[in-house]
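Step one of this worksheet: look at the structure below.
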Amino acid sequence: MKKIILTGSASGFGLLTAKTLVKQGHTVYATMRNINGANAEPAKALKEWAKAHNGIIEIVELDVTSDASVAKAISEITEKSGGHIDVLINNAGISYIGIAETLTIQQTEQLFQVNVIGPDRMIKAVLPLMHQQKSGLIINLTSVQARNVGPLLATYNSTKAALDALSVGYHYELKSAGIDVAVIQPGAYQTTDITAKALQPGNPGAASAYGQDVHRLKAGLDHFFTPTTDSSDPQEVADAVAGLLELPAGERPLWTVVGGATMAQYVQQINQATKGLVETMIQVLS
838 MKKIILTGSA SGFGLLTAKT LVKQGHTVYA TMRNINGANA EPAKALKEWA
888 KAHNGIIEIV ELDVTSDASV AKAISEITEK SGGHIDVLIN NAGISYIGIA
938 ETLTIQQTEQ LFQVNVIGPD RMIKAVLPLM HQQKSGLIIN LTSVQARNVG
988 PLLATYNSTK AALDALSVGY HYELKSAGID VAVIQPGAYQ TTDITAKALQ
1038 PGNPGAASAY GQDVHRLKAG LDHFFTPTTD SSDPQEVADA VAGLLELPAG
1088 ERPLWTVVGG ATMAQYVQQI NQATKGLVET MIQVLS
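If you're matching positions, the sequence shown starts at 838 in the numbering used here and goes up one per residue.
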């Protein structure tokens, strides 16, 4: 059974993934912010759930945007795990749906800190251990939106595209070190808290300069992300993560698209084209 670090474990995909992996017998170091504050109840509930299911979960305070917090958390986890980490799952993230101009520069920086630099910070923190082991698995959750360009999701999508690109680089760079890097690209799952915890625009007044077509599109997107009885099941994402752990080292796919409805086929086509381009470049330059 594997020893796993999971970020963003308080809710959504992270919470489901933590429970799924514990049920399979893995040890999960479930990280989240403010375990003695805003996330005290989720942390307590997850710990009690694990105890009731005879599972092993360690709740660890971690803010992916802080060097000091990451270093402290990795030190704590390393001590508890006996210096061995098999898997890092970068799940923590924040979203934004709206006009790009209505975000302040500080908010745009926050999106990139949490969604891109945070995962990279975590990767760099665990790689020394994985290099010592000559093995490991890093799973980054991006989105089908990493392959989509369009209005009202531009800032969020660009963070997911950046993490996706970073993951591709790590995937090919770390192959020779015996470390796998894989990407999960989920579609929209309305039953997660993606909109409830989304950033609120710091400059909302800027929206008044835009036409009704943009505002109608915003209303449509808000409606799309509202949970209904027909909403897709986010457990699919947790199951996809668990499935990657079961595959042999070196045989895990770079991308796994989960959900995505009609977008999925286009995302898969772009993934294949990207893979072909990257591997052709590697072949030519080598």
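Idealized CB from N, CA, C, for every residue including glycine. Keep in mind it's a predicted model, so treat the numbers as computed, not measured.
Close-in-space but distant-in-sequence residues of the same chain around residue i (CB under 7 Å, 5 per side omitted)
i: W1092; result: V1020, Q1022 and N1108
i: Q1105; result: V1094
i: V1018; result: I975, S1004, Y1007, H1008 and L1011
i: I894; result: A855, V859, V865, A867, L883, K884 and A887
i: D957; result: L1003
i: K1112; result: L1091
i: N928; result: L843, T844, G845, F850, G851, T854 and L978
i: G955; result: V901, T902 and A929
i: H968; result: A1014
i: K917; result: E895
i: D1001; result: T979, A983 and V1020
i: H890; result: V859 and K860
i: A1098; result: G1024
i: L816; result: Nothing in the structure corresponds to residue 816, since the chain is present only between 838 and 1123.
Nearest-angstrom Cβ-Cβ length linking residue i and residue j, presumed shorter than 8 Å
i: V924; j: L1082; result: 6 Å
i: Y866; j: I914; result: 5 Å
i: G1015; j: S972; result: 5 Å
i: P1038; j: L1122; result: The Cβ separation is near 43 Å, so there is no contact.
i: P988; j: L1054; result: 6 Å
i: I926; j: V1078; result: 6 Å
Within 8 Å, strictly: CB atoms of residue i and residue j
i: T902; j: T945; result: no
i: N814; j: N985; result: No statement about residue 814 is possible, as the shown extent of the chain runs from 838 to 1123 and does not include it.
i: T864; j: L843; result: no
i: Y1007; j: V1115; result: no
i: F1062; j: T996; result: no
i: L852; j: Q1072; result: no
i: I934; j: N952; result: no
i: G874; j: M838; result: no
i: D900; j: R870; result: yes
i: T1069; j: Y1103; result: One point to set straight first is that residue 1069 is Ser, not Thr, in the sequence displayed. Contact: no.
i: V1075; j: T857; result: The sequence as given places Ala at residue 1075; Val does not occur at that position. Against a cut-off of 8 Å, the Cβ pair of T857 and A1075 comes out as a contact.
i: I872; j: I896; result: yes
i: Y1047; j: I1119; result: no
Cβ-based neighbour list, residue i, same chain, cut-off 6 Å, excluding 5 preceding and 5 following
i: L966; result: I922
i: G1042; result: none
i: K1034; result: none
i: E938; result: A1043
i: E1154; result: Past the edges of the chain, shown from 838 to 1123, lies residue 1154, and the structure says nothing about it.
i: G920; result: none
i: A998; result: A983
i: G788; result: Limits of the chain in this structure are 838 at one end and 1123 at the other, which puts residue 788 out of reach.
Short CB-CB distance (under 8 Å) between residue i and chain D
i: T1099; result: In the displayed structure, chain D is absent; only one protein chain is listed.
Contacting residues, own chain, Cβ-Cβ under 8 Å from residue i (five flanking each side not counted)
i: A1101; result: V981, G1024 and V1094
i: R1089; result: L974, D1017, A1019 and L1081
i: G1096; result: V981, P1023, G1024, A1025, Y1026, S1069, E1073 and V1074
i: S906; result: E898, L899 and D900
i: M959; result: I842, T844, V901, V907, L925 and N927
i: N1040; result: E938, T939, L940 and T941
* Stretch pair the region 867 to 886 + the region 840 to 859: three plus CB contacts closer than 8 Å -> yes
* 4 or more residues per run - each alpha helix (DSSP H) lying fully within the region 951 to 1039 -> 955 to 970 and 991 to 1011
* **Validate contact between the region 906 to 920 and the region 957 to 972 using beta carbons, cut 8 Å, 3 pairs** => yes
* Which runs of the beta strand (DSSP E) spanning at least 3 residues fall entirely within the region 839 to 897, listed in chain order? -> 840 to 843 and 864 to 869
* Asked: Can you list the alpha helix (DSSP H) stretches of 4 or more residues lying completely in the region 1035 to 1089, in chain order?
  -> 1049 to 1061 and 1072 to 1083
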